[in-house]
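*Asks:* Sending over a structure as structure tokens; questions will come in a sec.
2 protein chains.
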Amino acid sequence: MSVSPSLNPHVSVDCVIFGFSKETLRLLLIKRTVPNAITELDDSYYALPGDLVRDNENLDEAAARVLKELTGLTGIFLQQFQAFGDPLRISKAKDRAWLQGVRQDPDARVITVAYMALIDSNQVQIQPGSFSKEAVWLPIAEIPELGFDHNDISEGALLALREKVQIQPIAFELLPEKFTMSDLQTLYETILERDLDKRNFRRKMLNSGVITALPEKQHGVSNKPARYYVFNRNLVENGGLGFVNLKMEGSFTLFS
Amino acid sequence: MSVSPSLNPHVSVDCVIFGFSKETLRLLLIKRTVPNAITELDDSYYALPGDLVRDNENLDEAAARVLKELTGLTGIFLQQFQAFGDPLRISKAKDRAWLQGVRQDPDARVITVAYMALIDSNQVQIQPGSFSKEAVWLPIAEIPELGFDHNDISEGALLALREKVQIQPIAFELLPEKFTMSDLQTLYETILERDLDKRNFRRKMLNSGVITALPEKQHGVSNKPARYYVFNRNLVENGGLGFVNLKMEGSFTLFS
DNA sequence: ACACTTAGTGTCAATTACACACTTCAAAAC
DNA sequence: GTTTTGAAGTGTGTAATTGACACTAAGTGT
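See the structure below:
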């Protein structure tokens with residue numbers, strides 16, 4: 001039945017790493033530098049962090065390794081969302097130049113499995129060296145042209161995030177341990193790209209049981225200090241809470 | 257940065273093909289026969305249809321090819337849902353025997369991208385020869401031990417289907433062109449594994465606008481004949497309808 | 001003490017969800 | 001041709017949820 005292809009593809013993982021700071025969603029991107037054959041100056045461009053999957057590791061492990069090498073963090077939210085395997089996804093000149101630079105066959109096909117990661121960006125210290133001289137948090141509205149098909153992958157991740165956030169309480173992964181109700185609302189508004197009513201938001205969040213109020217309040221702010229909350233990680237992860245459903249405008253629900 | 261693994265993995269696609277008949281959800285599985293070194297009789301076992309991805313095709317094309325070779329059908333609902341890449345996913349003796357039979361290195365790693373397909377099983381005529389001497393529709397409750405990690409993949413597909421059905425009107429893909437309201441309700445009840453109220457179901461389905469009543473009714477049934485309906489494929493695919501949201505027991509909705 | 005800024009609070013009307021039982025229609029049985 | 005059988009089809013009242021909406025509270029800075 002199956003005829004073996006002439007050359008096996010390479011398989012990589014790429015991580016779309018989301019962070020949230022200064023009221024914007026951001027992606028953690030790495031900078032790559034490649035020689036430009038014409039100008040003889042170096043070109044640089046951004047790409048998603050990723051790597052080939054190694055012999056002895058599974059896909060989740062590979063993605064976790066990439067994330068750890070770049071950020072030093074482990075145990076963070078990381079979820080596979082789509083594989084990308086267009087035979088022509090490596091065709092830009094600079095991508096080929098980069099592959100040559102890392103001594104890989106630039107004609108080899110690479111199939112990649114994309115993951116999305118949600119991290120509290122304040123907690124990250126970029127690890128020197130491993131992937132790139134430089135890594136930056138770029139607002140999603142300002143993402144330039146990336147290497148390979150990484151723009152497509154990033155857009156896919158954003159759509160996946162928007163869907164997931166409507167079904168599971170995962171947005172908390174983007175906030176620090178303690179956060180205010182306004183922080184949380186701003187985050188949701190940013191991800192969903194629409195305004196939410198303050199009072200209704202509070203009511204539903206509190207009724208849902210996914211967060212707990214702390215006795216502690218803000219200090220040193222020049223206005224009424226906000227109360228801090230924490231995410232009920234244990235309760236949610238142990239199935240104490242079901243499906244979270246963020247109803248979309250124009251939607252309708254089926255069945256009792 | 258990245259060290260090339262000693263041997264590139266193979267990449268395949270596997271299709272979890274759902275059908276619905278006699279009030280049960282079924283999977284289309286193929287039978288594989290391999291020599292048993294000890295008994296010298298042939299062993300056989302079931303597996304998901306799949307194949308290696310070819311050089312010139314993308315992942316969706318590979319999955320569509322597998323589906324077409326097996327069923328002769330094109331243009332049917334087919335959606336990627338997860339990649340599986342455990343290094344030990346090929347370890348059972350019969351899987352290795354089968355790989356040897358098709359002249360592939362039984363030690364090579366295979367990473368697979370899994371798709372789920374929804375088809376009207378009445379419409380399928382299994383194509384002879386291509387994949388297997390035999391293909392069968394087995395009720396999901398009666399799936400035996402499959403090759404590779406195909407039990408895991410099937411379970412993943414079922415969970416994905418259950419989630420998708422709550423968000424998008426795709427269950428129709430499992431029914432014939434014309435169907436009765438009871439057919440539809442039974443299908444939903446089967447997928448969701450819970451009973452639904454007849455009157456509430458009808459009301460919401462009709463209000464949702466995803467189906468249209470035909471003037472035609474059943475003939476020759478020994479009870480009150482049911483009306484036929486069709487799925488509004490065009491309306492739904494052109495974005496005329498939004499998010500479909502099937503609220504789960506114990507769920508809660510967030511935000512206005 | 002006053003200005004400034006963000007936090008925090010309650011109600012009402014409209015919509016949606018859910019529970020629930022009888023009548024209608026056609027064929028088959030007698 | 002009357003009766004039996006079995007699934008189709010229909011409506012209402014109650015409870016819960018949604019969504020719109022504006023003022024007071026609590027700090028800091030001047």
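Residue numbers (this note's numbering), protein chains in the order written: chain G, 1 to 256; chain D, 257 to 512. Backbone N, C-alpha and C define an ideal beta-carbon position, used for all residues, glycine too.
#1: Throw me the rounded Cβ distance for the Val272(D) and Leu315(D) pair, which I believe falls under 8 Å.
#2: Quick one: does Asn234(G) have its CB under 7 Å from some CB of chain D?
#3: Hey, how far is the Cα of Ala141(G) from the Cα of Phe276(D)?
#4: Tell whether a beta-carbon distance below 7 Å holds between Val34(G) and Asp43(G).
#5: Please specify which runs of the beta strand (DSSP E), each continuous and at least 3 residues long, are wholly inside the stretch 184-230 of chain G, giving them in chain order.
#6: What residue from Gln335(D), Val366(D), Arg455(D) has the CA that sits closest to Ile375(D)'s CA?
#7: At the 7 Å Cβ level, is His266(D) part of the contact set with chain G, yes or no?
#8: At least one CB of chain D closer than 7 Å to the CB of Ala93(G): is that the case?
#9: Have a look at the DSSP bridge pairing and note the partners of Arg282(D).
#10: Between Asp122(G) and the rest of its own chain, which residues show a CB-CB distance below 8 Å, the 5 nearest in sequence each way excluded?
#11: Please return the same chain residues whose Cβ sits closer than 8 Å to the Cβ of Thr71(G), not counting the five positions on each side in sequence.
#12: Measuring only the C-alpha atoms, how far is Ala320(D) from Ile167(G)?
#13: Touch check for the stretch 399-406 of chain D and the stretch 440-457 of chain D: three-plus C-beta pairs under 8 Å?
#14: Report yes if the C-beta of Glu317(D) is less than 6 Å from at least one heavy atom of the ligand ATP; otherwise report no.
#15: For Val392(D), count neighbouring Cβ atoms within 10 angstroms of its own Cβ and tell me buried if that reaches 16, exposed if not.
#16: Are the C-beta of Ile367(D) and some C-beta of chain G separated by less than 7 Å?
#17: Would the beta-carbon of Val11(G) fall within 7 Å of that of Ile367(D)?
#18: Give me whichever residues DSSP pairs with Arg257(G) in a beta bridge.
#19: Counting only Cβ-Cβ distances shorter than 7 Å, please list the residues of the stretch 63-89 of chain G near chain D, keeping chain order.
#20: By the DSSP assignment, the alpha helix (DSSP H) with Asp107(G) in it spans what residues?
#21: Does any residue of chain D bring its CB to less than 7 Å from the CB of Asn151(G)?
#22: Going along the chain, which residues of the stretch 22-52 of chain G sit with their C-beta nearer than 8 Å to a C-beta in chain D?
#23: If we count the other Cβ atoms within 10 Å of its Cβ and call it buried at 16 or more, is Arg203(G) buried or exposed?
#24: Is the CB of Asn223(G) under 7 Å away from at least one CB in chain D?
#25: Looking only at DSSP bridge pairs, what is Met116(G) linked to?
#26: Check whether the Cβ atoms of Gln218(G) and Phe201(G) sit closer than 7 Å, and answer yes or no.
#27: Just list the residues that DSSP pairs Leu312(G) with in beta bridges.
#28: Check Gly306(D) in the structure and name its three-state DSSP category.
#29: Out of Arg227(G), Ser222(G), Ile211(G), Arg109(G), which has the shortest C-alpha to C-alpha gap to Asn234(G)?
#30: Taking Cβ positions only, does Leu315(D) come closer than 7 Å to chain G?
#31: When the cut-off is 7 Å and only beta carbons count, does Asn56(G) lie next to chain D?
#32: According to DSSP, simplified to helix, strand and coil, what is Lys178(G)?
#33: With a Cβ-Cβ cutoff of 7 Å, do Asn312(D) and Pro87(G) count as a contact?
#34: Using 7 Å as the threshold, is the C-beta distance between Arg455(D) and Trp354(D) below it?
#35: Label Gly341(D) either buried or exposed according to how many other C-beta atoms from any shown protein chain fall within 10 Å of its C-beta, with 16 as the threshold for buried.
*Replies:* In brief:
#1: For this step, residue 272(D) is matched to residue 16 along the second sequence. For this step, residue 315(D) is matched to residue 59 along the second sequence. Not confirmed; about 15 Å, so no contact.
#2: Within the first sequence, numbered from 1, the residue matching residue 234(G) stands at position 234. Chain D contact via Cβ: absent.
#3: What you label residue 141(G) is simply residue 141 of the first sequence in a count that begins at 1. What you label residue 276(D) is simply residue 20 of the second sequence in a count that begins at 1. The straight-line gap from Cα to Cα measures roughly 44 Å.
#4: Translated into the one-based positions of the first sequence, residue 34(G) becomes position 34. Translated into the one-based positions of the first sequence, residue 43(G) becomes position 43. Yes, Cβ-Cβ distance for Val34(G) and Asp43(G) is below 7 Å.
#5: 211-217
#6: One-based indexing of the second sequence puts residue 375(D) at position 119. The shortest Cα separation from Ile375(D) among Gln335(D), Val366(D), Arg455(D) belongs to Gln335(D).
#7: Start at 1 with the first residue of the second sequence, and residue 266(D) comes out as number 10. Cβ-Cβ to chain G under 7 Å: yes for His266(D).
#8: Against the first sequence, residue 93(G) aligns to sequence position 93. Not one chain D Cβ lies under 7 Å of Ala93(G).
#9: Numbered from its first residue, the second sequence carries residue 282(D) at position 26. Gly275(D), Pro395(D), per the DSSP bridge assignment.
#10: Along the first sequence, one-based indexing puts residue 122(G) at 122. Sequence inspection shows Asn at residue 122(G); the Asp mentioned does not correspond to that position. Excluding positions up to five away in sequence, the list reads Ser21, Pro176.
#11: Counting from one through the first sequence, the residue named residue 71(G) turns up at place 71. So the qualifying residues of the chain are Ile17, Leu28, Ile119, Val124, Gln125, Ile126, Gln127.
#12: For this step, residue 320(D) is matched to residue 64 along the second sequence. For this step, residue 167(G) is matched to residue 167 along the first sequence. So the alpha carbons of these two residues sit roughly 29 Å apart.
#13: no
#14: In terms of ligand content, the structure shown is empty, and the ligand ATP therefore cannot be addressed.
#15: Numbered from 1 along the second sequence, position 136 holds the residue referred to as residue 392(D). It counts as exposed.
#16: Looking up residue 367(D) in the second sequence gives position 111. So, interface residue.
#17: Position 11 of the first sequence, counting from 1, holds the residue named residue 11(G). Position 111 of the second sequence, counting from 1, holds the residue named residue 367(D). Result yes, Cβ atoms of Val11(G) and Ile367(D) sit closer than 7 Å.
#18: A question about residue 257(G) goes unanswered here, because the residues of chain G that appear run from 1 up to 256.
#19: Gln80, Gln82, Ala83, Gly85, Asp86, Pro87
#20: Taking the first residue of the first sequence as 1, we reach residue 107(G) at position 107. Note, Asp107(G): premise wrong, no alpha helix (DSSP H); not H, not E.
#21: Within the first sequence, residue 151(G) is the residue found at index 151, counting from 1. No, its Cβ sits nowhere closer than 7 Å to a Cβ of chain D.
#22: Asp51, Leu52
#23: The residue labelled residue 203(G) in the question sits at position 203 within the first sequence. Counting Cβ neighbours within 10 Å, Arg203(G) comes out exposed, since fewer than 16 surround it.
#24: In the first sequence, counting from the first residue as 1, residue 223(G) sits at position 223. So, not an interface residue.
#25: Walking along the first sequence from the start, residue 116(G) turns up at place 116. Per DSSP, Val16(G), Gln79(G).
#26: Position 218 of the first sequence holds residue 218(G). Position 201 of the first sequence holds residue 201(G). No.
#27: With chain G represented from 1 up to 256, any question about residue 312(G) goes unanswered, as that position is not in the structure.
#28: Residue mapping note: residue 306(D) aligns to position 50 of the second sequence, counting from 1. Gly306(D): strand per DSSP, three-state reduction.
#29: Along the first sequence, one-based indexing puts residue 234(G) at 234. The candidate whose alpha carbon is nearest that of Asn234(G) is Ile211(G).
#30: As a position in the second sequence, residue 315(D) is number 59, starting the count at 1. Closer than 7 Å: yes.
#31: Numbered from 1 along the first sequence, position 56 holds the residue referred to as residue 56(G). So yes, Asn56(G) belongs to the interface.
#32: The residue labelled residue 178(G) in the question sits at position 178 within the first sequence. If DSSP states are grouped into helix, strand and coil, Lys178(G) belongs with the strands.
#33: Within the second sequence, numbered from 1, the residue matching residue 312(D) stands at position 56. Within the first sequence, numbered from 1, the residue matching residue 87(G) stands at position 87. It is a contact, given that the beta carbons lie within the stated cut-off.
#34: Counting from 1 along the second sequence, the entry for residue 455(D) is found at position 199. Counting from 1 along the second sequence, the entry for residue 354(D) is found at position 98. Going by C-beta atoms, Arg455(D) is not nearer than 7 Å to Trp354(D).
#35: Here the question's residue 341(D) lines up with position 85 in the second sequence. Flag for Gly341(D) reads buried.
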